[in-house]
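Trainee: Respectively, the protein sequence lines represent chains R and B.
Heads up, the first sequence is in the numbering used here, so the first residue is 1 and it goes up one at a time.
Heads up, the second sequence is in the numbering used here, so the first residue is 1 and it goes up one at a time.
This is the structure I want to talk about, given as structure tokens.
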Amino acid sequence: DVKVTQSSRYLVKRTGEKVFLECVQDMDHENMFWYRQDPGLGLRLIYFSYDVKMKEKGDIPEGYSVSREKKERFSLILESASTNQTSMYLCAYRGGGNEQFFGPGTRLTVL
Amino acid sequence: GQNIDQPTEMTATEGAIVQINCTYQTSGFNGLFWYQQHAGEAPTFLSYNVLDGLEEKGRFSSFLSRSKGYSYLLLKELQMKDSASYLCAVSWMNRDDKIIFGKGTRLHILP
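Next up, the structure:
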């Protein structure tokens with residue numbers, strides 16, 4: 001089975017810090033996604049990537065950037081963390097049948 | 001817009017059957033997914049419907065009517081472990097590989 005790992009399950013940062021959330025998949029899947037999930041708002045797409053060095057904005061890209069230097073790794077960057085970025089962050093990759101498979105998630109708290 | 005509507009919460013009894021409905025905008029529709037998400041965990045893929053009709057996978061079945069913009073997830077012989085949120089998600093032809101998620105239906109199972 002393909003595995004998707006995220007660098008941390010829980011993370012606490014302070015306002016203004018630069019935050020890196022890492023996502024790694026152990027197969028050769030091209031399409032990867034970053035979402036955040038908040039109560040009452042559901043899953044919302046932040047950024048996605050079709051291939052190495054390619055990135056596309058999702059529905060809520062403001063305050064975030066991404067990096068895809070290698071196919072297996074897709075990083076989400078919070079340039080200057082703010083309290084409204086406290087959320088559950090979920091990475092996903094697209095499988096062969098168009099479905100998406102998720103990593104375990106990172107619960108980020110910004111103080 | 002590309003609204004996806006599903007009930008916020010439902011309650012059912014162990015051993016019973018429950019149907020979770022999802023409606024969506026039909027314009028440009030490509031396919032519909034159902035995911036299960038237990039509290040504090042990542043969503044896990046359940047089903048993907050592209051064509052009209054019912055697809056059965058053990059105790060879970062998913063139905064799609066493309067013309068009506070309607071789907072349902074049917075859970076039979078409910079077990080306590082089925083207590084979770086169920087997410088309806090849709091892909092549209094003009095949005096490449098991106099998926100829009102509904103806000104989820106929180107299902108409570110009573111003994």
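Idealized CB from N, CA, C, for every residue including glycine.
These numbers come from a predicted model, not from an experiment.
Less than 8 Å between the C-beta atoms of serine 49 of chain R and lysine 55 of chain R, yes or no?
Mentor: Against a cut-off of 8 Å, the Cβ pair of lysine 55 of chain R and serine 49 of chain R comes out as a contact.
Trainee: Can you tell me which of the three DSSP states methionine 54 of chain R falls into?
Mentor: In this structure, methionine 54 of chain R counts as coil in the three-state DSSP scheme.
Trainee: Apart from the five residues on each side of it in sequence, which residues of its chain come closer than 6 Å, Cβ to Cβ, to histidine 29 of chain R?
Mentor: Closer than 6 Å at the Cβ level, and outside the excluded window around histidine 29 of chain R, lie Tyr93.
Trainee: Compute the Euclidean distance between the alpha carbons of methionine 93 of chain B and isoleucine 17 of chain B, then round it to the nearest angstrom.
Mentor: Approximately 33 Å between the Cα atoms of the pair.
Trainee: Where does tyrosine 10 of chain R land, buried or exposed, given buried means 16+ other C-beta within 10 angstroms?
Mentor: Tyrosine 10 of chain R is exposed by the Cβ-count criterion.
Trainee: The beta strand (DSSP E) that contains serine 85 of chain B, what's its start and end?
Mentor: Here the beta strand (DSSP E) through serine 85 of chain B covers 84–92.
Trainee: With 8 Å as the threshold, decide whether the Cβ of leucine 45 of chain R is near any Cβ in chain B.
Mentor: Yes, contact with chain B.
Trainee: Please classify threonine 83 of chain R as buried or exposed, where buried requires at least 16 other C-beta atoms within 10 Å of its C-beta.
Mentor: Under this definition threonine 83 of chain R is an exposed residue.
Trainee: Please determine, among R:Glu72, R:Arg36, R:Glu69, the residue with the shortest C-alpha to C-alpha distance to glutamate 62 of chain R.
Mentor: Among R:Glu72, R:Arg36, R:Glu69, the Cα nearest to that of glutamate 62 of chain R is on R:Arg36.
Trainee: Do glutamate 77 of chain B and arginine 59 of chain B come within 8 Å of each other at the CB atom, strictly closer than that value?
Mentor: Cβ distance < 8 Å, so arginine 59 of chain B and glutamate 77 of chain B count as in contact.
Trainee: DSSP three-state label for lysine 70 of chain R, please.
Mentor: The answer is strand: DSSP assigns lysine 70 of chain R an E or B state.
Trainee: Determine the DSSP secondary structure at methionine 80 of chain B, reduced to helix, strand or coil.
Mentor: Note: methionine 80 of chain B maps to helix in three-state DSSP.
Trainee: Between the C-alpha atoms of glutamate 17 of chain R and serine 80 of chain R, what's the straight-line distance to the nearest angstrom?
Mentor: Those two C-alpha atoms are separated by around 5 Å.
Trainee: Between which two residues does the beta strand (DSSP E) carrying arginine 106 of chain B extend?
Mentor: Run containing arginine 106 of chain B: 105–110, per the beta strand (DSSP E) assignment.
Trainee: Along chain R, in chain order, which residues have C-beta atoms closer than 7 Å to that of serine 62 of chain B?
Mentor: Per Cβ cutoff of 7 Å: no residues; serine 62 of chain B is ~12 Å from chain R at best.
Trainee: Over the uninterrupted beta strand (DSSP E) stretch that includes valine 68 of chain B, give me the two end residues.
Mentor: Note that residue 68 of chain B is lysine in the sequence shown, not valine. Note, lysine 68 of chain B: premise wrong, no beta strand (DSSP E); not H, not E.
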